[in-house]
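**Q** Residue numbers (numbering that gives the first Met the number 0): 0 to 300.
Each residue gets a CB set at the ideal place from its N, CA and C atoms; glycine is no exception.
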Amino acid sequence: MLQYTAGHDVGRAVTGKGMPLPSALVDITTIPELRGVKTGPNGLTIGAATTLSELIESAEVQRTIPLLSESAKSVASPLIRNFGTLGGNINQRPRCWFFRGEDFACYKKGGDFCYAVTGDNTYHAIIGGELCYIVHPSDTATALLALNASATVAAAGGARDIAFDNYFHGPREDVLTETVLKPNELMTEVTIPTPAAGTRMAWTKLKDRQVYDFAIVSVAVAFTVDGAGKWADGRVVLGGVAPVPYRAAVVESALKGQDVRATAKQAAAQIRTVARPMSLNTYKVDIAQSLIERTLLQALA
Ligand SMILES: Cc1cc2nc3c(=O)[nH]c(=O)nc-3n(C[C@H](O)[C@H](O)[C@H](O)COP(=O)(O)OP(=O)(O)OC[C@H]3O[C@@H](n4cnc5c(N)ncnc54)[C@H](O)[C@@H]3O)c2cc1C
Numbered sequence: 000m001l002q003y004t005a006g007h008d009v010g011r012a013v014t015g016k017g018m019p020l021p022s023a024l025v026d027i028t029t030i031p032e033l034r035g036v037k038t039g040p041n042g043l044t045i046g047a048a049t050t051l052s053e054l055i056e057s058a059e060v061q062r063t064i065p066l067l068s069e070s071a072k073s074v075a076s077p078l079i080r081n082f083g084t085l086g087g088n089i090n091q092r093p094r095c096w097f098f099r100g101e102d103f104a105c106y107k108k109g110g111d112f113c114y115a116v117t118g119d120n121t122y123h124a125i126i127g128g129e130l131c132y133i134v135h136p137s138d139t140a141t142a143l144l145a146l147n148a149s150a151t152v153a154a155a156g157g158a159r160d161i162a163f164d165n166y167f168h169g170p171r172e173d174v175l176t177e178t179v180l181k182p183n184e185l186m187t188e189v190t191i192p193t194p195a196a197g198t199r200m201a202w203t204k205l206k207d208r209q210v211y212d213f214a215i216v217s218v219a220v221a222f223t224v225d226g227a228g229k230w231a232d233g234r235v236v237l238g239g240v241a242p243v244p245y246r247a248a249v250v251e252s253a254l255k256g257q258d259v260r261a262t263a264k265q266a267a268a269q270i271r272t273v274a275r276p277m278s279l280n281t282y283k284v285d286i287a288q289s290l291i292e293r294t295l296l297q298a299l300a
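1. I want to check one thing, is the minimum distance from the CB of residue 239 to the heavy atoms of ligand 1 below 6 Å?
2. Look at the alpha carbon of residue 82 and the alpha carbon of residue 223, and state the distance between them as a whole number of angstroms.
3. Between residue 145 and the rest of its own chain, which residues show a CB-CB distance below 7 Å, the 5 nearest in sequence each way excluded?
4. In the DSSP assignment, find the unbroken alpha helix (DSSP H) run with residue 182 in it and report its ends.
5. With a threshold of 6 Å on Cβ separation, who are the neighbours of residue 76 within its own chain once the five nearest residues in sequence on each side are excluded?
6. In whole angstroms, give me the CA-to-CA distance for residue 294 and residue 80.
7. Any idea what DSSP makes of residue 157, helix, strand or coil?
8. If residue 55 and residue 73 are in contact, beta carbons under 8 Å, what's the gap, nearest whole angstrom?
9. Helix, strand or coil for residue 204 per DSSP?
10. For residue 198, count neighbouring C-beta atoms within 10 Å of its own C-beta (all shown protein chains included) and say buried if the count is 16 or more, exposed if not.
11. Could you tell me the distance, in whole angstroms, from the CA atom of residue 59 to the CA atom of residue 50?
12. How about residue 273 and residue 125: do their beta carbons lie closer than 7 Å?
13. Quick check: the Cα distance between residue 117 and residue 289, rounded to an integer number of angstroms?
14. Rounded to the nearest angstrom, how far is the Cβ of residue 277 from that of residue 123, given a contact under 8 Å?
15. Name, in chain order, the residues that DSSP records as bridge partners for residue 190.
16. Over what stretch of residues does the alpha helix (DSSP H) that includes residue 287 continue unbroken?
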């Protein structure tokens, strides 16, 4: 976790305006038990300190859950993937320029305003953003939610497992944090259940530029179809649109029991029923709709 300090003013006290910084850092990448990919009876377990490059290179991950490899490949640049860990990627703080900016005492820093409401909200939330309009930045978290993963969290009192469905929370639950992790808790590993035979998966990510960048919108899908090509079970998850990796239940409901190829367009359009764009980001709704359709069809190809 030392990398965290590299681009920041190490040792600067929390001012209430600047992004909150820790008073001490512990480099957990030196703990061997937190690294590596293990195959178990129920699926794959990946240590939280496993680097993104190690994850991408894992033949087992590529073979069984290529969706996760693809999402990790789309993170940042090779240099960052060589150093950045899975746990760090999932638990990274949001990129909102008001949260990161020195001059904005926003809700997330204990202030009383979200500057995205009246300011430049080009990249902010289009779904579920009430109070604070950050978007969740992690590509791997989006894929892991689609894969129905769970996190193991360690604390002085013992360890507990938390499904990714319950790991992230929105601003209404606690505007100061993005996850249910308590102080002094650490994510130690992530477990991904073995997908059902024949599971279709796909990942797409739209960003502003071809080189490394965060998602404007990303989509992770993992689903099964019956013999007639009809949706049996699965998940459609969006990144870059909401304060949490967002499970698009309205899209999943529209696909239920339907021919996926024939229904993809109409199901994707359901995202409009939950979208509440801000003044400058209506374009993200169109992108989300197109990308959902495209990702569903890609998974069938
Ligand atoms: C230029 C740039 C471009 C980027 N582009 C992308 C992108 O396109 N997609 C994307 O998803 N990410 C992107 N990132 C984010 C990057 O991938 C993460 O910053 C990186 O993965 C963090 O990894 P780390 O191991 O160094 O975590 P750190 O920086 O050390 O930690 C990040 C946060 O997670 C917490 N944390 C770390 N490990 C754990 C753990 N095991 N349990 C609990 N909390 C933990 C830390 O306390 C800290 O708050 C980008 C970053 C940069 C600088």
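**A** Taking the definition as stated:
1. As a working note, residue 239 is residue 240 in the sequence shown. No, Cβ of residue 239 sits at least 6 Å from all heavy atoms of ligand 1.
2. Indexing the sequence shown from 1 puts residue 82 at position 83. Indexing the sequence shown from 1 puts residue 223 at position 224. If I take the Cα positions, the gap works out to 34 Å.
3. In the sequence shown, counting from the first residue as 1, residue 145 sits at position 146. Result list for residue 145: 66, 219, 220, 221, 234, 236, in chain order.
4. As a first step, residue 182 must be located in the sequence shown, where it is residue number 183. Following the DSSP letters along the chain, one finds residue 182 in no alpha helix (DSSP H), marked with neither H nor E.
5. Taking the first residue of the sequence shown as 1, we reach residue 76 at position 77. Correct list, in chain order: 211.
6. In the sequence shown, residue 294 corresponds to position 295, counting from 1. In the sequence shown, residue 80 corresponds to position 81, counting from 1. Going by the C-alpha atoms only, they are around 24 Å apart.
7. As a working mapping, residue 157 is identified with position 158 in the sequence shown. If DSSP states are grouped into helix, strand and coil, residue 157 belongs with the strands.
8. Position 56 of the sequence shown, counting from 1, holds the residue named residue 55. Position 74 of the sequence shown, counting from 1, holds the residue named residue 73. With a Cβ gap of about 10 Å, residue 55 and residue 73 do not count as contacting.
9. Numbered from its first residue, the sequence shown carries residue 204 at position 205. Strand, per DSSP.
10. As a position in the sequence shown, residue 198 is number 199, starting the count at 1. Answer is buried; the Cβ neighbour count reaches 16.
11. Numbered from its first residue, the sequence shown carries residue 59 at position 60. Numbered from its first residue, the sequence shown carries residue 50 at position 51. Distance between the alpha carbons of residue 59 and residue 50 is about 15 Å.
12. Locating residue 273 in the sequence shown gives position 274, where the first residue counts as 1. Locating residue 125 in the sequence shown gives position 126, where the first residue counts as 1. At the C-beta level, residue 273 and residue 125 stay beyond 7 Å of one another.
13. Here residue 117 refers to the residue found at position 118 when the sequence shown is read from its first residue. Here residue 289 refers to the residue found at position 290 when the sequence shown is read from its first residue. Straight-line Cα distance between these residues: approximately 28 Å.
14. Residue 277 sits at position 278 when you count from the first residue of the sequence shown. Residue 123 sits at position 124 when you count from the first residue of the sequence shown. The Cβ separation is near 6 Å, so the contact holds.
15. One-based indexing of the sequence shown puts residue 190 at position 191. Per DSSP, 44, 149.
16. By one-based count along the sequence shown, residue 287 stands at place 288. In the DSSP annotation of this structure, the continuous segment of the alpha helix (DSSP H) that includes residue 287 starts and ends at 282-299.
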